[in-house]
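So the sequence lines, in the order shown, correspond to chains A and B.
Take the first sequence: its letters are residues 2 to 284, numbered as in this note's numbering.
Take the second sequence: its letters are residues 924 to 1082, numbered as in this note's numbering.
See structure below.
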Amino acid sequence: MSRPAISEYLRPSSLEEAWQRVSSGDPAVRLLSGGSDLTISASPEVTTLVDIGGILDQGIEPDEDGSIRIGAGATLTAVLEHEALSSHATGVVTEMMVHVGNPLLRNFATMGGHLARGRLSDVVPVFVALDAEVSLYRGSGPSDMALARYLDEHHNEQPHILTGVVLPGLPGGSAAAFHRLSRTAFDFPILNVCCRADGSAGQVGDVRIVCGATPRVAQRAGKAEALVVGAGLGDDTIETAARVAREEIATGSGWVASAEYRSHLVEVLVARCLQDVRERLTP
Amino acid sequence: MRVSLVLDGHDETLDVAPGDTLLDALRAGGHTSVKNGCANGDCGACAVLVDGRAAASCLLFAAQAEGREVTTVEGLAGAHQPYHPLQQTMLDAGGVQCGFCIPAMILTAADLLARNPDPTREEITAYLSGNLCRCTGYVKQIEAVEMAAAIMKEGGVDG
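Okay, structure coming up:
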């Protein structure tokens, strides 16, 4: 296993100071928050680490409008254990987070580092389904954008510092569910799905169906969503939506699973998620 | 570069390279209870407490320990000499076979009991899920944590 040949380790005292070191976009310079990914997977060209773990906001702040702001420095354990997050969208964040790594990783991996790495993740599909927005710092005040857009368009755009993520308030009665499959409980997912619906089981309002580890980090199943909006979550609707999701979600083959198997899992896990959402919505 | 920290209750300064992991630095300093298993974040044998929370030391840079309190199993006993209750119950329950995973498992359990003094068996199993043991079926080790929890609760022992 190759490890990065780090020759310089910096601890800036402010975002401004950190920005001065990363604003050039030099690929030899990498930001570090929790560290858990960089020690084993940083590119060999990385020679300078800019440790922003001490200056990132570590707070998790619920707002009166039902939104919850999570500082980029908050650990995954802090997210898992936070009371407000355990009840947001029927507790889907907590339901998902227990599957992310294990306590030894969650205790130091940060939300900012996890999202900014933009790779295989159980967190991302759930946060996309919850319409999460990220805050980015580029030398001046933060700019916000949807997490889905950030991952699609801006993740590889250098430079930026991810400073936080906001889960917007949801309509009363919103429900969500998460399912994943992996070879072992500790392993990365072969596929994961999060579904969220507003309204009631008899008449769904807005809905999100998001598949991850396809192996893309997150894809919305827009055609399947359109089938569910305005309908009731009956068995037929769920079965049809799951099949349509299977048809529209592009999957790929890798060493853990074939594209065909992943497509099969899309249908199975979407159906399971929608069934759980139905149980959690008011009738 | 130099890293100042509190290591097993003592102020220490480590001389490390910028890319050294905390695992590298601790073992180089003679703290060989911190085991180098996979060095990849998979096995948990390198776990230490950093500011009281269990962490895979192979996934932290040594420089990240600056100003923090790091505890290895060698410093866990503290006032409970010669052994912390978790160390004693791990012996009493027969949880130790080859012993390679045990220091890290004890530290992870110490983190759990400090936050959850009365964990269920399921909670113990879940919290130890990152500590792999190739000798046992985990049963005795989980029993050891349950025994330690009971002792610590009875005796008012802090984690």
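We treat Cβ as the ideally placed atom computed from N, Cα and C, and that holds for glycine.
Just so we're clear, the structure is a prediction, and the values are computed from it rather than from any experiment.
Contact set between residue i and chain B, taken where Cβ atoms lie within less than 7 Å
i: Glu-9(A); result: Pro-941
Closer than 7 Å to chain A by CB, residue i
i: Asn-963(B); result: yes
i: Cys-1061(B); result: Reading off the sequence, residue 1061(B) comes out as Tyr, not Cys. By this cut-off, Tyr-1061(B) is not an interface position.
i: Gly-975(B); result: no
i: Gln-1010(B); result: no
i: Gly-1092(B); result: What is shown of chain B runs 924 to 1082, which leaves residue 1092(B) out entirely.
i: Tyr-1006(B); result: no
i: Ser-1052(B); result: yes
i: Gly-953(B); result: no
i: Ala-1071(B); result: no
i: Leu-930(B); result: no
i: Leu-983(B); result: yes
i: Ala-970(B); result: yes
i: Gly-1001(B); result: no
i: Gly-967(B); result: yes
Residue i at chain B interface by Cβ criterion, 7 Å
i: Pro-104(A); result: yes
i: Phe-179(A); result: no
i: Ser-37(A); result: yes
i: Phe-109(A); result: yes
Pair within 7 Å by beta-carbon distance, residue i and residue j
i: Asp-1034(B); j: Arg-976(B); result: yes
i: Val-996(B); j: Leu-1030(B); result: yes
i: Ser-88(A); j: Val-218(A); result: no
i: Thr-126(A); j: Cys-195(A); result: Checking the sequence shown, residue 126(A) turns out to be Pro, not Thr. The answer is yes: Cβ separation under 7 Å.
i: Val-929(B); j: Glu-992(B); result: yes
i: Gly-964(B); j: Leu-982(B); result: yes
i: Leu-192(A); j: Leu-105(A); result: no
i: Glu-134(A); j: Val-80(A); result: no
i: Gly-26(A); j: Gln-159(A); result: yes
i: Arg-120(A); j: Leu-77(A); result: no
i: Gln-1010(B); j: Thr-1059(B); result: no
i: Ala-260(A); j: Gly-253(A); result: yes
i: Ser-85(A); j: Met-112(A); result: The amino acid at residue 85(A) is misidentified as Ser; the sequence shows Ala. Result no, Cβ atoms of Ala-85(A) and Met-112(A) do not sit closer than 7 Å.
i: Pro-284(A); j: Ala-202(A); result: yes
i: Val-124(A); j: Leu-148(A); result: no
i: Ser-175(A); j: Asp-153(A); result: no
i: Val-93(A); j: Phe-189(A); result: no
i: His-115(A); j: Arg-181(A); result: no
i: Asn-1054(B); j: Gly-960(B); result: no
i: Phe-984(B); j: Gly-36(A); result: yes
i: Thr-91(A); j: Arg-281(A); result: yes
i: Leu-163(A); j: Leu-137(A); result: yes
8 Å contact criterion, which residue i and residue j should meet: CB distance rounded
i: Ile-210(A); j: Glu-226(A); result: 5 Å
i: Pro-941(B); j: Ile-7(A); result: 4 Å
i: Arg-263(A); j: Thr-215(A); result: 6 Å
i: Ala-1005(B); j: Met-1075(B); result: The sequence shown places Pro at residue 1005(B), not Ala. That belief does not hold up - the Cβ atoms of Pro-1005(B) and Met-1075(B) are roughly 16 Å apart, past 8 Å.
i: Gly-72(A); j: Gly-165(A); result: 5 Å
i: Ser-34(A); j: Leu-50(A); result: Not really, about 10 Å apart at Cβ, beyond 8 Å.
i: Phe-187(A); j: Ser-1052(B); result: 6 Å
i: Val-939(B); j: Ala-979(B); result: Not really, about 17 Å apart at Cβ, beyond 8 Å.
i: Glu-1066(B); j: Ala-1016(B); result: 5 Å
i: Ala-43(A); j: Arg-31(A); result: 6 Å
i: Ala-258(A); j: Ala-222(A); result: Actually they are not in contact, since the Cβ atoms of Ala-258(A) and Ala-222(A) sit about 18 Å apart, beyond 8 Å.
i: Ala-1073(B); j: Leu-1036(B); result: At roughly 11 Å, the Cβ-Cβ gap does not stay under 8 Å, so Ala-1073(B) and Leu-1036(B) are not in contact.
i: Gly-233(A); j: Gln-204(A); result: 6 Å
Chain A residues whose Cβ lies nearer than 7 Å to that of residue i
i: Ala-979(B); result: Leu-105, Leu-106
Partners in chain B for residue i, counting only beta-carbon separations shorter than 9 Å
i: Pro-6(A); result: First, the amino acid is wrong: residue 6(A) is Ala here, not Pro. Near Ala-6(A) (Cβ distances below 9 Å), the residues of chain B are Gly-942.
Interface partners of residue i on chain B, CB under 8 Å
i: Gly-54(A); result: Gln-987
Neighbouring residues, chain A, relative to residue i (Cβ below 8 Å)
i: Met-924(B); result: Tyr-10
Any non-hydrogen atom of the ligand NAP within 6 Å of residue i CB
i: Gln-159(A); result: By its list of ligands, the structure shown contains no ligand whatsoever, and the ligand NAP lies outside what it can speak to.
Short CB-CB distance (under 7 Å) between residue i and chain D
i: Gly-140(A); result: Although the question refers to chain D, the structure presented lacks it and instead comprises the protein chains A and B.
### Task
Residues of the stretch 41-52 of chain A with a CB closer than 8 Å to any CB of chain B: list them in chain order, please.
Ile-41, Leu-50, Asp-52
### Task
Please name the residues in the stretch 1016-1046 of chain B whose beta-carbon is closer than 9 Å to at least one beta-carbon of chain A, in chain order.
Ala-1027, Thr-1031, Asp-1034, Leu-1035, Arg-1038
### Query
Relative to chain B, which residues along the stretch 180-194 of chain A have a C-beta separation below 9 Å, given in chain order?
Residues Ala-186, Phe-187.
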